[in-house]
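Input: a single structure, listed below in structure tokens.
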């Protein structure tokens with residue numbers, strides 16, 4: 002029920018927010034473009050010309066960015082009604098926030114990236130941010146951090162290029178801060194590649210793919226959102242459906258040649274056989290107070306790829 006209510010909130014609040022703040026009726030059917038201003042704490046300041054439907058979608062993305070914090074400090078955004086005659090230049094943009102499930106871990110993301118209208122494959126962005134925050138999850142609060150299968154951490158990255166086609170956006174960004182579980186995967190100075198999709202809302206990211214000449218063509222696998230909203234806008238084709246990329250899988254075939262040599266040797270020897278019984282005295286993959294099988298009870302589960310000992314309870318890989 003909580004998940005349903007939260008999902009309902011992200012569906013209904015944007016329409017109400019758009020109506021109250023921007024003067025756009027939730028069920029607006031007018032075809033005229035609305036003048037709105039998008040501002041974010043990363044320095045984003047855009048004057049946009051978008052349809053009433055896109056205003057509602059964008060307000061939902063702003064709500065998700067602010068409601069599900071990601072990064073350190075977290076990205077925040079706001080939407081306002083621009084005065085008439087402000088110019089309203091057109092931009093391709095991808096804005097959104099939300100929460101996804103990666104394995105056993107829950108991760109919040111926040112995205113703000115924009116570029117002046119272009120169909121170039123890898124155009125440099127005009128600015129923005131891509132942030133991540135992984136929620137720490139442990140077997141017990143009293144044993145953290147030693148029994149945590151999700152260590153938690155933050156990532157902040159600044160987009161270098163953004164490519165938008167229809168409702169699909171691809172970008173790459175340079176990592177400017179990473180800690181916790183992100184520090185080894187995405188060290189400062191490395192690249193992170195992102196794909197965002199609108200309707201249905203999806204997000205995905207991965208590390209260096211070895212495509213330095215066309216970085217915005219990288220193709221991370223996307224995940225559905227547990228909560229949140231993503232708004233992708235193609236200025237010269239608003240409302241068009243894009244084509245999500247499909248990550249490629251490389252198959253490697255290995256051929257092994259085995260040569261067998263047979264040697265016959267006649268030997269006379271006397272053999273003495275000693276029989277002994279050995280009892281296993283370790284709990285494989287565990288650390289902590291339990292050191293032997295007699296001291297712990299093994300849980301037959303792989304918890305986050307780790308073997309963990311808690312008191313006299315031992316979780317083995």
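Residue numbers (our numbering): 2 to 318. We treat Cβ as the ideally placed atom computed from N, Cα and C, and that holds for glycine.
- Here residue 182 carries a coil assignment [DSSP, helix/strand/coil].
- When the five nearest sequence neighbours on each side are left out, the beta carbons in the same chain lying within less than 6 Å of the beta carbon of residue 195 are those of 131, 172 and 206, in order along the chain.
- Ranking 69, 220 and 34 by CA distance to the CA of residue 231 puts 69 first.
- For residue 158, no alpha helix (DSSP H) run applies; the uninterrupted beta strand (DSSP E) run containing it begins and ends at 154-166, by DSSP.
- With respect to the 7 Å criterion, residue 202 and residue 226 are classified as neighbours on the basis of their beta carbons.
- CA-to-CA, the gap between residue 82 and residue 37 works out to about 5 Å.
- Under the three-pair Cβ rule at 8 Å, the segment 90-103 counts as touching the segment 235-246.
- Only buried fits residue 47, as 16 or more other CB atoms lie within 10 angstroms of its CB.
- Beyond the five residues adjoining it in sequence on each side, residue 189 comes within less than 7 Å, by CB distance, of 176, 177, 178 and 179 in the same chain, given in chain order.
- A straight line joining the alpha-carbon of residue 113 with that of residue 59 spans about 11 Å.
- DSSP places residue 98 in the strand class (E or B) of the three-state scheme.
- When DSSP states are grouped into helix, strand and coil, residue 119 belongs to the coil group.
- Fewer than three Cβ pairs drawn from the segment 162-171 and the segment 140-150 lie within less than 8 Å of each other, which leaves the two stretches out of contact.
- Collapsing the DSSP output to three states places residue 221 in coil.
- The C-beta distance from residue 134 to residue 155 rounds to 5 Å, short enough to meet the 8 Å contact threshold.
- In the three-state scheme derived from DSSP, where H, G and I count as helix and E and B as strand, residue 174 is classed as strand.
- Listed in chain order, the alpha helix (DSSP H) elements of length 4 or more contained wholly in the segment 39-70 are 53-68.
- Excluding sequence positions up to five before and after residue 167, its CB lies within less than 7 Å of the CB of 235, 238, 241, 242 and 243, all in the same chain and listed in chain order.
- Burial state of residue 74 is exposed, judged by a 10 Å Cβ sphere holding fewer than 16 other Cβ atoms.
- If you check the CB distance, residue 65 and residue 181 do not come in under 7 Å.
- For residue 150, the enclosing beta strand (DSSP E) begins and ends at 149-151.
- Apart from sequence neighbours up to five positions away, the residues of its chain that approach residue 162 with a beta-carbon distance below 7 Å are 123, 124, 125, 126, 172, 173, 216 and 217, ordered along the chain.
- If you check the CB distance, residue 128 and residue 44 come in under 7 Å.
- It is roughly 16 Å from the alpha-carbon of residue 109 to the alpha-carbon of residue 193.
- Taking C-alpha positions only, residue 208 is separated from residue 152 by approximately 19 Å.
- By the beta-carbon neighbour count (other beta carbons within 10 angstroms, threshold 16), residue 55 is buried.
- Where residue 133 is concerned, the enclosing beta strand (DSSP E) starts and stops at 128-135.
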